[in-house]
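In my numbering, the protein residues as written are 1 to 332.
Beta carbons: idealized from backbone N, C-alpha and C, even for Gly.
Down below is the structure, laid out as structure tokens.
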Ligand code: AMP
Ligand code: MG
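Structure follows, in structure tokens:
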């Protein structure tokens, strides 16, 4: 060592010593990757010691997200959800345990919210095309809305099959699948020993640990602007935001957006955005959509009744509302 120190000078020697003493500390770094999956932007960032392993893990996250997309997208003909929508009006369709379980989970949120969250919203939802500014005419809308009711899903857990009680019904797991996928990605990273990281799919994020000694800072954007209205310091948490600005078009000053009130078969309009904090993304995702449909009073009542769940709502006047467990910063 003495000889090498002489040859490399003092600085080189110090680096060598550090590498020997703390090889992981010196080389560890943040690694991130972005990809368009599930019709949204997926982002993963992890703290890793080995750059090659970091790349392998981030690829595994993207592969898992894409696998879930291929299973649950209603737009991919071979996806189980698309096959269900095609055939379940005529006969029971056998599906994977994974999809079956997620449908059961979605239905729990339907029960909890008196049907505000309902994956059969798609019976009318598929008649809207927000990019092309297409919406159903009033008669089509009324007929399709009558098909919405998760209790008309015939689920057979032994046969692992699903059938529609009413032909013409459709399902779409868009309000819960991204959160589910984020949880799966986080489980994969945690099993690989990752202790600091973030996985985001559109409005759904989950944090692994903290940002190495300080919290992650997540912003809630203004529903009508790009700037953040609130920044949340968070660790080890799931955060989901549902907003009426994600997919929409306007007609005569009325905004038609992607969150549908099953009772009306039309966009829910009492709130502009809902952010839910929970332990798992699958719950935060389903709940952000649920609370958006329920509106401020019923929505906050539901959140306040659930342990370990918090919410920040922005109502149609732009006012920020908090669940009981959060301190309103303007009150101090
Ligand atoms: P999010 O951005 O998480 O609120 O999810 C919005 C997505 O949830 C929409 O694009 C639809 O796929 C789906 N969705 C809309 N309305 C409902 C509803 N009432 N119940 C369940 N899912 C819904
Ligand atoms: Mg959601």
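My output table needs one value for residue i: the three-state DSSP class, helix, strand or coil.
{"i": "residue 97", "result": "helix"}
{"i": "residue 231", "result": "strand"}
{"i": "residue 219", "result": "strand"}
{"i": "residue 125", "result": "helix"}
{"i": "residue 33", "result": "strand"}
{"i": "residue 43", "result": "strand"}
{"i": "residue 15", "result": "Any reading at residue 15 is ruled out, since the residue's pLDDT is 49, under 50, leaving its predicted position unreliable."}
{"i": "residue 192", "result": "coil"}
{"i": "residue 78", "result": "coil"}
{"i": "residue 156", "result": "strand"}
{"i": "residue 179", "result": "helix"}
{"i": "residue 173", "result": "coil"}
{"i": "residue 267", "result": "strand"}
{"i": "residue 327", "result": "coil"}
{"i": "residue 299", "result": "helix"}
{"i": "residue 359", "result": "Nothing about residue 359 can be reported from this structure: the residues present for the chain run from 1 to 332 only."}
{"i": "residue 70", "result": "helix"}
{"i": "residue 244", "result": "coil"}
Just the C-alpha distance for residue i and residue j, rounded to the nearest angstrom, thanks.
{"i": "residue 270", "j": "residue 295", "result": "5 Å"}
{"i": "residue 161", "j": "residue 100", "result": "8 Å"}
{"i": "residue 86", "j": "residue 129", "result": "19 Å"}
{"i": "residue 156", "j": "residue 214", "result": "47 Å"}
{"i": "residue 283", "j": "residue 307", "result": "12 Å"}
{"i": "residue 256", "j": "residue 51", "result": "45 Å"}
{"i": "residue 218", "j": "residue 177", "result": "21 Å"}
{"i": "residue 274", "j": "residue 323", "result": "11 Å"}
{"i": "residue 188", "j": "residue 264", "result": "39 Å"}
{"i": "residue 137", "j": "residue 248", "result": "17 Å"}
{"i": "residue 139", "j": "residue 73", "result": "27 Å"}
{"i": "residue 91", "j": "residue 159", "result": "13 Å"}
{"i": "residue 97", "j": "residue 224", "result": "40 Å"}
{"i": "residue 303", "j": "residue 310", "result": "6 Å"}
{"i": "residue 314", "j": "residue 231", "result": "14 Å"}
{"i": "residue 301", "j": "residue 243", "result": "19 Å"}
{"i": "residue 35", "j": "residue 66", "result": "10 Å"}
{"i": "residue 260", "j": "residue 268", "result": "5 Å"}
{"i": "residue 145", "j": "residue 165", "result": "15 Å"}
In terms of DSSP beta bridges, what is residue i paired with?
{"i": "residue 165", "result": "Answer is none; residue 165 lacks a bridge partner."}
{"i": "residue 249", "result": "256"}
{"i": "residue 311", "result": "276"}
{"i": "residue 206", "result": "199 and 238"}
{"i": "residue 134", "result": "129"}
Report the residue from the options whose alpha carbon sits nearest the alpha carbon of residue i.
{"i": "residue 152", "options": "144, 63, 231 and 163", "result": "163"}
{"i": "residue 245", "options": "218, 282, 203 and 261", "result": "203"}
{"i": "residue 293", "options": "281, 277, 316 and 67", "result": "316"}
{"i": "residue 281", "options": "183, 46, 194 and 262", "result": "183"}
{"i": "residue 84", "options": "137, 167, 135 and 112", "result": "167"}
{"i": "residue 125", "options": "110, 142, 189 and 179", "result": "142"}
{"i": "residue 132", "options": "228, 298 and 250", "result": "250"}
{"i": "residue 95", "options": "127, 243 and 78", "result": "78"}
{"i": "residue 93", "options": "154, 27, 38 and 190", "result": "154"}
{"i": "residue 193", "options": "97, 49 and 228", "result": "49"}
{"i": "residue 186", "options": "327, 64 and 35", "result": "64"}
{"i": "residue 62", "options": "191, 318, 259 and 41", "result": "41"}
{"i": "residue 181", "options": "276, 110, 327 and 285", "result": "285"}
{"i": "residue 393", "options": "150, 75 and 80", "result": "In the structure as shown, the chain starts at 1 and stops at 332, and residue 393 therefore has no counterpart that could be examined."}
Quick check: the stretch 197 to 211 against the stretch 229 to 242, are there 3 or more CB pairs under 8 Å?
Yes, the stretch 197 to 211 touches the stretch 229 to 242.
Would you call the stretch 282 to 297 in contact with the stretch 111 to 122, where contact means no fewer than 3 C-beta pairs closer than 8 Å?
These segments touch.
Pair every Cβ in the stretch 162 to 172 with every Cβ in the stretch 119 to 133, then say whether three or more of these pairs are closer than 8 Å.
yes
Counting Cβ pairs, one atom from each stretch, are 3 or more of them under 8 Å apart for the stretch 104 to 113 and the stretch 49 to 62?
no
contact_flag[the stretch 38 to 54, the stretch 193 to 201] where n(CB pairs < 8 Å) is 3 or more:
yes
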